[in-house]
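Inspection log for the structure reproduced underneath, given as structure tokens.
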Amino acid sequence: MAKKTRNTVQLGFFVTIAIILFMVAAYLIGSYESMFSSALRISSVFHNVSGLQAGNNVRYSGINVGIVESLVILDDTTVQVNMKLDKKLQPFIKKDAVASIGSDGLVGSMLVNINPGKGKSTAVENGDIIPSYSRVGTNELLNTLGKTNENIELITNDLLLITKQIIKGKGTIALLLQDSQLADGLRQSVANLQATSNYLSASGRQLENIIAQVDQGDGLLSQLLYDTTVIDNLNTSISQIDTVADQLEPFLLELQQSANDISASSATLRATLEALNAGEGPAGAMLRDTAAANNLRQTLENLNEGTARFSENMEALQHNFLFRRYFKKQAKEKEKAGQEP
Numbered sequence: 033m034a035k036k037t038r039n040t041v042q043l044g045f046f047v048t049i050a051i052i053l054f055m056v057a058a059y060l061i062g063s064y065e066s067m068f069s070s071a072l073r074i075s076s077v078f079h080n081v082s083g084l085q086a087g088n089n090v091r092y093s094g095i096n097v098g099i100v101e102s103l104v105i106l107d108d109t110t111v112q113v114n115m116k117l118d119k120k121l122q123p124f125i126k127k128d129a130v131a132s133i134g135s136d137g138l139v140g141s142m143l144v145n146i147n148p149g150k151g152k153s154t155a156v157e158n159g160d161i162i163p164s165y166s167r168v169g170t171n172e173l174l175n176t177l178g179k180t181n182e183n184i185e186l187i188t189n190d191l192l193l194i195t196k197q198i199i200k201g202k203g204t205i206a207l208l209l210q211d212s213q214l215a216d217g218l219r220q221s222v223a224n225l226q227a228t229s230n231y232l233s234a235s236g237r238q239l240e241n242i243i244a245q246v247d248q249g250d251g252l253l254s255q256l257l258y259d260t261t262v263i264d265n266l267n268t269s270i271s272q273i274d275t276v277a278d279q280l281e282p283f284l285l286e287l288q289q290s291a292n293d294i295s296a297s298s299a300t301l302r303a304t305l306e307a308l309n310a311g312e313g314p315a316g317a318m319l320r321d322t323a324a325a326n327n328l329r330q331t332l333e334n335l336n337e338g339t340a341r342f343s344e345n346m347e348a349l350q351h352n353f354l355f356r357r358y359f360k361k362q363a364k365e366k367e368k369a370g371q372e373p
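The numbering used here applies: residue 33 is where the sequence shown begins, and numbers increase by one.
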């Protein structure tokens with residue numbers, strides 16, 4: 033009887049332990065699956081899930097926050113991943129959060145990583161679809177690496193060919209390496225270019241100094257640009273020059289009249305000389321006197337030279353800025369007088 037009781041107690045003890053273990057396992061599994069707490073369900077759409085399965089972990093900023101509830105194929109290029117997350121994390125997950133598929137370590141199972149967004153969006157709600165980001169897969173990386181290796185091989189072959197041509201003395205580079213005269217010319221060109229650059233730099237600094245002096249009010253150029261007194265003085269000088277020109281106008285008239293008189297006298301004298309050469313009049317006898325003829329010839333030459341110099345002076349006066357206005361005025365009056373009937 034005692035043995036039977038002991039067996040019954042042992043059986044009850046083991047049954048109790050089994051029930052406790054079952055309840056603990058059920059609780060742990062339920063906690064993992066969020067069966068005993070309110071859940072937040074959101075989704076994201078991917079073109080390639082890379083072997084992701086229902087039940088894989090979902091991490092937010094590296095923390096496990098839920099599981100993959102299901103995968104739904106929308107069409108031949110997109111798959112919707114439905115996730116079940118802890119409701120407590122809803123205020124922290126924003127609508128601009130980005131989901132991506134990764135792996136738990138190098139050879140671990142696949143999982144979904146949710147990274148916080150950079151904006152100031154509102155919190156997600158139940159049933160929202162957040163943006164996704166597809167990382168480059170291993171196969172794509174290997175394919176890209178293979179193409180890169182092929183390109184490197186082609187570049188290496190080209191470099192070897194170029195090196196052989198340089199060693200054989202073919203091409204411009206080989207000529208630069210082997211021809212000392214060409215190298216010296218190139219070196220001189222670089223030196224000249226450097227000198228030109230230095231000269232331009234120095235000129236630029238001088239120009240900056242001049243501009244700075246002008247801005248500071250130093251120098252004649254600054255006074256001409258900013259000092260109104262200089263402009264007023266210049267205008268006053270121009271007015272005075274105009275006044276002097278007006279005052280010289282009578283003198284110029286007299287000078288012009290004198291020139292006309294001299295011209296008339298020259299014509300008269302020329303006629304007289306022609307008569308003398310022809311032997312006409314009492315003065316014809318003077319032609320027989322060589323001394324008197326020489327004196328008269330010298331006098332005429334001096335008179336002609338003086339007339340030429342006077343004409344040159346008159347021409348210079350016409351181009352002088354002091355008398356230019358007067359002569360222009362005289363020319364206009366003559367032109368106006370010629371147009372009148």
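Even for Gly, the Cβ is constructed at its ideal location relative to N, Cα and C.
Here the structure is a predicted model, which means the values were calculated and not measured.
Going by DSSP, name the residue or residues bridged to L143.
-> Note: L143 sits in a beta bridge opposite G134.
Could you check how far apart the C-beta atoms of L84 and L103 are, in whole angstroms? I think they sit under 8 angstroms.
-> 7 angstroms
Spatial neighbours of D136 within its chain, please: CB distance less than 6 angstroms, with the 5 preceding and 5 following residues excluded, ordered by chain position.
-> L143
Based on the DSSP secondary-structure assignment, which residues constitute the bridge partners of D118?
-> A71
Alpha-carbon to alpha-carbon, L43 and S166 | 56 angstroms
Would you check if the distance between the CB atom of N39 and the CB atom of I74 is smaller than 9 angstroms?
-> no
V77 beta carbon less than 9 angstroms from that of N89 | no
If S298 sits next to T339, beta carbons under 8 angstroms apart, how far is it from one beta carbon to the other, in whole angstroms?
-> 6 angstroms
Exposed or buried, what is L72 when buried is set at 16 or more other beta-carbons lying within 10 Å of its beta-carbon?
-> buried
Along the chain, where does the beta strand (DSSP E) that runs through E157 open and close?
-> Premise fails: E157 is in no beta strand (DSSP E) and is neither H nor E.
Cα-Cα separation between R91 and V41, rounded to whole angstroms = 47 angstroms
Rounded to the nearest angstrom, how far is the Cβ of V139 from that of I162, given a contact under 8 angstroms?
-> That pair is no contact at about 28 angstroms.
T154 and K120: beta carbons closer than 9 angstroms?
-> With respect to K120, T154 sits apart: the two C-beta atoms are not nearer than 9 angstroms.
For D128 and G151, believed in contact at Cβ under 8 angstroms, the rounded distance = 5 angstroms
Cβ pair T48, H79 closer than 9 angstroms | The answer is no: Cβ separation not under 9 angstroms.
Count the other CB atoms, across all protein chains shown, that sit within 10 Å of the CB of V276; report buried if there are 16 or more and exposed otherwise.
-> exposed
Would DSSP call K377 helix, strand or coil?
-> Here the chain covers residues 33 to 373 and nothing more, so residue 377 does not appear.
Which residue comes first and which comes last in the beta strand (DSSP E) that contains N88?
-> Element bounds for N88: n/a, residue is neither H nor E.
What are the start and end residues of the beta strand (DSSP E) that includes L280?
-> Here L280 belongs to no beta strand (DSSP E), and DSSP marks it neither H nor E.
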